[in-house]
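The structure under discussion appears below in the form of C-alpha cells.
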Amino acid sequence: MKTNRKEEIVKTAAYLFKKKGFVGVSMRDLAQEMGIKASSLYNHISSKHEILSEVIMQVAQRFTNHINTLAPQEISAIEKLENIIHMHIDLTIQKSDFLACMNNDWMHLEKTQKTAYIKMRNDYEQKFREILQEGIANKELKPADPEIMLFSILSTLRTFYLWYAKNTNIFSQKAKTDLTKTLLKGIILEKP
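Residue numbering for the sequence shown follows the working numbering, starting at 2 and increasing by one per position.
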C-alpha cells in the first residue's frame, strides 16, 4: 500500500501548499494534517522538495501529454483551442490544489526539476503559440498578435482555480461552454 500512502501524502501536501504556500508548510504540518508521525512520512517520500516536484510535475506532464497529442491532429485551430480550454477546466476541477501549487510554488523546485519544469512550460507555450499562428494563417482567427492572444488565454486558464474555488456551484460543462465562448470570441475571425 506504499503507493496509495504516497498519493495521499502528495494530495494532502498539495492542499497545504495551496493554503499556506510551500515555504509555510513543514513536514510536521503535513504529518499532523494526515494524523501520523512526521518520521512515518519518510517511509514513503524523501523530502518536502520531492513532494513539491511530484505535485507540479504530475499536472505539468498531463498538460504536456495533452498538447503533444492534440497539436498534430488534423482538426481546426479553433477545435484545438476549445480542446485546450476544456482540458484546463477539467484538470483544474480535478486537481485545483495541484494547479495552485504549480502556479505559486514552481520556483521552489530544486534545480534539476525546475529546469525540467521550465522546459515543459516553454514547450507547451510554443505549441499553443503555433496553434494560434496556424489559426491566423488559415483565417480562422483574427490577424492579431499571437503573443497577446497566448497571454490573454493562458493567464485566465492558469488562474481559473482561484475563480472556481468561489464558484464550485457552476457545473463543469457550463464553465467549459461559457469560458470557451468568452475566451475565443475576441480572436475568432467572423465569416462575412
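Just so it is clear, CB atoms sit at the ideal spot from N, CA and C, and this is done for glycine as well.
Problem set entry | Separation of Ile-85 from Lys-143, as counted between CA atoms | For the purposes of this step, residue 143 is identified with residue 142 of the sequence shown, where counting begins at 1. For the purposes of this step, residue 85 is identified with residue 84 of the sequence shown, where counting begins at 1. Taking the straight line joining both Cα atoms gives about 19 Å.
For this session: Following the continuous alpha helix (DSSP H) through Ser-77, name the residue where it begins and the one where it ends.
Result: To locate residue 77, count along the sequence shown from 1; it is residue 76. Here Ser-77 belongs to no alpha helix (DSSP H), and DSSP marks it neither H nor E.
For this session: Can you have a look at Lys-49 and say buried or exposed, based on whether 16 or more other CB atoms are within 10 angstroms of its CB?
Result: As a first step, residue 49 is located in the sequence shown; it is residue number 48 there, counting from the start. It is buried - the Cβ of Lys-49 has at least 16 other Cβ atoms within 10 Å.
For this session: Let me know if Gln-95 comes out buried or exposed under the rule of 16 or more other beta-carbons within 10 Å of its beta-carbon.
Result: Taking the sequence shown and counting its residues from 1, one reaches residue 95 at position 94. Under a 10 Å Cβ-count criterion, Gln-95 is classified as exposed, with fewer than 16 other Cβ atoms of the shown protein chains found around its own Cβ.
For this session: Jot down the residue ranges of each uninterrupted alpha helix (DSSP H) in the stretch 35 to 109, minimum 4 residues, whole runs only, in chain order.
Result: 39 to 42, 49 to 71, 78 to 95, 97 to 106
Problem set entry | Per-residue DSSP class, three states only, for Leu-142 | Within the sequence shown, the letter at position 141 stands for residue 142. Looking at Leu-142 - three-state DSSP - the assignment turns out to be strand.
Problem set entry | Same chain, Cβ closer than 8 Å to Glu-111, five either side skipped, listed in chain order | Taking the first residue of the sequence shown as 1, we reach residue 111 at position 110. Cβ contact annotation for Glu-111 (same chain, cutoff 8 Å, sequence separation greater than five): His-50, Ser-54, in chain order.
Problem set entry | Limits of the unbroken alpha helix (DSSP H) element including Thr-157 | Position 156 of the sequence shown, counting from 1, holds the residue named residue 157. Unbroken alpha helix (DSSP H) run through Thr-157: 147 to 159.
For this session: Helix, strand or coil for Val-132, going by three-state DSSP, please let me know.
Result: For the purposes of this step, residue 132 is taken as the residue at position 131 of the sequence shown. It should be noted that the sequence gives Ile, not Val, for residue 132. Reduced to three states, the DSSP call for Ile-132 is helix.
Exercise. Among the residues of its own chain, which have a CB less than 7 Å from the CB of Glu-75, if the five just before and after it don't count?
Worked result: Against the sequence shown, residue 75 aligns to sequence position 74. None.
For this session: In the DSSP assignment, find the unbroken alpha helix (DSSP H) run with Leu-180 in it and report its ends.
Result: The residue given as residue 180 occupies position 179 in the sequence shown. It spans 173 to 186 - the alpha helix (DSSP H) in which Leu-180 sits, taken as one unbroken run.
Exercise. What's the gap between the Cα of Leu-185 and the Cα of Leu-92?
Worked result: Looking up residue 185 in the sequence shown gives position 184. Looking up residue 92 in the sequence shown gives position 91. Distance between the alpha carbons of Leu-185 and Leu-92 is about 19 Å.
For this session: Could you pull out every residue in the same chain whose Cβ sits closer than 6 Å to the Cβ of Ala-14, ignoring the five residues on either side in sequence?
Result: For this step, residue 14 is matched to residue 13 along the sequence shown. Closer than 6 Å at the Cβ level, and outside the excluded window around Ala-14, lie Leu-31, Ile-52.
Exercise. Below 7 Å between beta carbons: does that hold for Lys-19 and Cys-102?
Worked result: Along the sequence shown, read from residue 1 onward, the residue named residue 19 stands at position 18. Along the sequence shown, read from residue 1 onward, the residue named residue 102 stands at position 101. Contact check for Lys-19 against Cys-102 passes: the beta carbons are separated by less than 7 Å.
Problem set entry | Close-in-space but distant-in-sequence residues of the same chain around Tyr-162 (CB under 6 Å, 5 per side omitted) | Translated into the one-based positions of the sequence shown, residue 162 becomes position 161. Around Tyr-162: Thr-93, Ser-97, Leu-100, Ala-101.
For this session: Assign Ala-166 to buried or exposed, taking buried as 16 or more other Cβ atoms, counted over all protein chains shown, within 10 Å of its Cβ.
Result: Here residue 166 refers to the residue found at position 165 of the sequence shown. So Ala-166 ends up on the exposed side.
Exercise. CA-CA distance, Ile-119 and Ala-61?
Worked result: Walking along the sequence shown from the start, residue 119 turns up at place 118. Walking along the sequence shown from the start, residue 61 turns up at place 60. Whole-angstrom Cα-Cα distance: 10 Å.
Problem set entry | Close Cβ partners of Met-2 (< 6 Å) along its chain, the five nearest in sequence each way excluded | Within the sequence shown, the letter at position 1 stands for residue 2. A caution first: Met-2 carries a pLDDT of 40, below 50, which makes its placement in the model too unreliable to give a value.
For this session: Could you have a look at Met-2 and say whether DSSP puts it in helix, strand or coil?
Result: In the sequence shown, the residue the question calls residue 2 occupies position 1. Its pLDDT being 40, under 50, Met-2 is placed unreliably in this model, and the value from its coordinates should be taken loosely. In the three-state reduction of the DSSP assignment, Met-2 falls in the coil class.
Exercise. From Phe-23 to Ala-138, what does the alpha carbon distance come to, in whole angstroms?
Worked result: Stepping through the sequence shown from its first residue, residue 23 is reached at position 22. Stepping through the sequence shown from its first residue, residue 138 is reached at position 137. Each residue's alpha carbon lies about 43 Å from the other.
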